[in-house]
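Report on one structure; see the data block that follows.
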């Protein structure tokens, strides 16, 4: 499961790395205008991922392996959720 998510993230980065910031902003504006609720869902998932990544960094410093594994599973679930939301919006 983890390799699949990482592979999809790598494919997205490869596909969209050459896109200009203006084009990315245009897509974000389009998603926000077309379906505001899904835009808010995407933003919430991004914030949750940021919070979880900070928590993961703290746990790595404290050497708490059990909690670290639990947080990493949550991060993977959130990344999958974000990919689903983005995939739905980009293909509409």
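Numbering (my numbering), first residue to last: 75 to 166. From the three backbone atoms N, C-alpha and C, an ideal C-beta is built for every residue, glycine too. Predicted model only: the values in this text are computed from it and were never measured.
Taking residue 134 and residue 142 to be in contact with their CB atoms under 8 Å, please state how far apart those CB atoms are, rounded to whole angstroms.
-> Here the question's residue 134 lines up with position 60 in the chain shown. Here the question's residue 142 lines up with position 68 in the chain shown. Beta-carbon to beta-carbon, residue 134 and residue 142 are separated by about 6 Å, close enough to satisfy the 8 Å threshold.
From what residue to what residue does the alpha helix (DSSP H) around residue 114 run?
-> Residue 114 sits at position 40 when you count from the first residue of the chain shown. Secondary structure note for residue 114: its alpha helix (DSSP H) is the uninterrupted segment 110-136.
Going straight from the alpha carbon of residue 126 to that of residue 144, what length do you get?
-> Sequence index remark: in the chain shown, residue 126 carries index 52 (1-based). Sequence index remark: in the chain shown, residue 144 carries index 70 (1-based). Take the alpha-carbon of residue 126 and the one of residue 144: they are about 11 Å apart.
Residue 116, buried or exposed, once every other Cβ within 10 Å from all chains shown has been counted against 16 | Start at 1 with the first residue of the chain shown, and residue 116 comes out as number 42. That one is buried.
If residue 156 and residue 120 are in contact, beta carbons under 8 Å, what's the gap, nearest whole angstrom?
-> Against the chain shown, residue 156 aligns to sequence position 82. Against the chain shown, residue 120 aligns to sequence position 46. About 7 Å separates the Cβ atoms of residue 156 and residue 120, confirming a contact at the 8 Å cut-off.
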